[in-house]
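Beneath this line is the structure, given in structure tokens, with notes to follow.
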Amino acid sequence: MLTLGVNIDHVATLRQARQTVEPDPIAAAVLAELGGADGITVHLREDRRHIQERDVRLLRQTVRTHLNLEMAATQEMVAIALDIKPDYVTLVPEKRQEVTTEGGLDIVGNLDYLCRVVDQLQSAEIPVSLFIDAENSQLEASAKTQAKFIELHTGKYADAPNGTLQAKELELLKLGCEKALSLGLRVNAGHGLTYWNVYPVAGLPGMEELNIGHTIISRAVLVGMERAVREMKLAIRGQV
Ligand code: PXP
3 MLTLGVNIDH
13 VATLRQARQT
23 VEPDPIAAAV
33 LAELGGADGI
43 TVHLREDRRH
53 IQERDVRLLR
63 QTVRTHLNLE
73 MAATQEMVAI
83 ALDIKPDYVT
93 LVPEKRQEVT
103 TEGGLDIVGN
113 LDYLCRVVDQ
123 LQSAEIPVSL
133 FIDAENSQLE
143 ASAKTQAKFI
153 ELHTGKYADA
163 PNGTLQAKEL
173 ELLKLGCEKA
183 LSLGLRVNAG
193 HGLTYWNVYP
203 VAGLPGMEEL
213 NIGHTIISRA
223 VLVGMERAVR
233 EMKLAIRGQV
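Taking this note's numbering, the leading residue of the sequence shown gets 3, the next gets one more, and so forth.
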């Protein structure tokens, strides 16, 4: 059955905006699991702009589903992953200036190095997922690394400006999914998925897990607003 990994990075973005202790992503993970999350995903970025190492260590102890650590394929990150041992690692490309992960990993151009990184992690029994665009060359190279999973980048599908182009991008994802499965890779997908565009991707045969963050955190802020204000009114009156 298709599962949902909830990416809680932007709970940490809100905390870091004030360099304070709230909202705590650990509490958000507990609530996400209560809501039915099948997994918790966090991206420990090199610049630590949202998730901190402390968060990943605590999540390792508190997450009851599974913990997916997204990270760049650097030796600093590999050392952290080998120490914390998430349930799986998703390798992503990372540029300091980007607002969010921009494209898929170039497996073809970095095959030898990525083979080594996948081996370092999987030898320690941490399965690896490679975040890639749905292109045959990248899929074939991914299979060569022996990684267990790929995560198909759904950003182009999500950003497609109209229904026709979106249908084309969906078709590419479908073909990518089929190709990955034929190569023995397990398939996840994510990036830019929302309440409005998720359903067709969820219907792709063989898809295992969707990793979704921004749209869920955005909705959580809005559906909680009324209650949060009501509670502050009570606090002002000394009633909480
Ligand atoms: N998957 C990967 C590999 C990502 O880098 C991200 C963004 O951190 C996501 C999924 C979630 O994307 P979004 O926040 O747009 O749902």
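A virtual CB, placed ideally from N, CA and C, is assigned to each residue, including glycine.
Proximity below 8 angstroms, CB of residue i to CB of residue j
i: G186; j: N213; result: no
i: V130; j: V101; result: no
i: I42; j: A31; result: yes
i: L244; j: I82; result: Missing from the structure shown is residue 244; the chain here goes from 3 to 242 and no further.
i: Y159; j: L177; result: no
i: A162; j: E173; result: no
i: E211; j: T64; result: no
i: R51; j: Q21; result: no
i: R62; j: E35; result: no
i: I10; j: V58; result: no
i: L195; j: A126; result: no
i: E153; j: N190; result: yes
i: Y201; j: T217; result: no
i: A75; j: L60; result: no
i: S144; j: I134; result: yes
Residue i in three-state terms, based on DSSP
i: L175; result: helix
i: P72; result: The sequence given here places Glu at residue 72; Pro does not occur at that position. Residue state, collapsed to three classes: strand.
i: R59; result: helix
i: H155; result: strand
i: Y201; result: helix
i: M3; result: coil
i: T67; result: coil
i: A191; result: strand
i: I53; result: coil
i: L36; result: helix
i: L107; result: coil
i: V44; result: strand
i: V23; result: coil
i: T92; result: strand
i: V8; result: strand
i: V101; result: coil
i: K181; result: helix
i: K87; result: coil
i: T15; result: helix
Closest residue to residue i among the options (Cα-Cα distance)
i: Q140; options: Q63, V44, A14, A182; result: A182
i: C259; options: Q124, P25, H155, A237; result: This structure leaves residue 259 out entirely; the chain is present only between 3 and 242.
i: V80; options: L123, G105, W198; result: L123
i: L33; options: K97, R239, I219; result: I219
i: E48; options: P95, G7, L16, P88; result: P95
i: Q54; options: T76, L93, H12, D40; result: H12
i: A39; options: A230, G215, Q168, V225; result: G215
i: S184; options: G208, I134, V223; result: G208
i: G37; options: Q241, E104, G7; result: G7
i: I86; options: R56, Y115, G205, K97; result: R56
i: M3; options: G226, V242, A204, V223; result: A204
i: L206; options: V223, E142, G165, A169; result: A169
For this session: Spell out a yes or no on whether the segment 62 to 74 and the segment 113 to 121 are touching, meaning 3 or more CB-CB pairs, one atom from each, closer than 8 angstroms.
Result: No: the two stretches stay apart, fewer than three of their Cβ pairs being nearer than 8 angstroms.
Exercise. Can we say the segment 140 to 154 touches the segment 108 to 115, given the rule of at least three CB pairs closer than 8 angstroms?
Worked result: yes
Exercise. Residue ranges of each alpha helix (DSSP H) run of no fewer than 4 residues wholly in the segment 109 to 167, ordered along the chain?
Worked result: 113 to 124, 138 to 146, 157 to 161
Problem set entry | Segment contact, 8 angstroms Cβ cut-off, at least three pairs: the segment 18 to 28 with the segment 230 to 238 | no
Exercise. Where are the beta strand (DSSP E) runs, 3 residues long or more, that stay fully inside the segment 198 to 242, in chain order?
Worked result: 209 to 214
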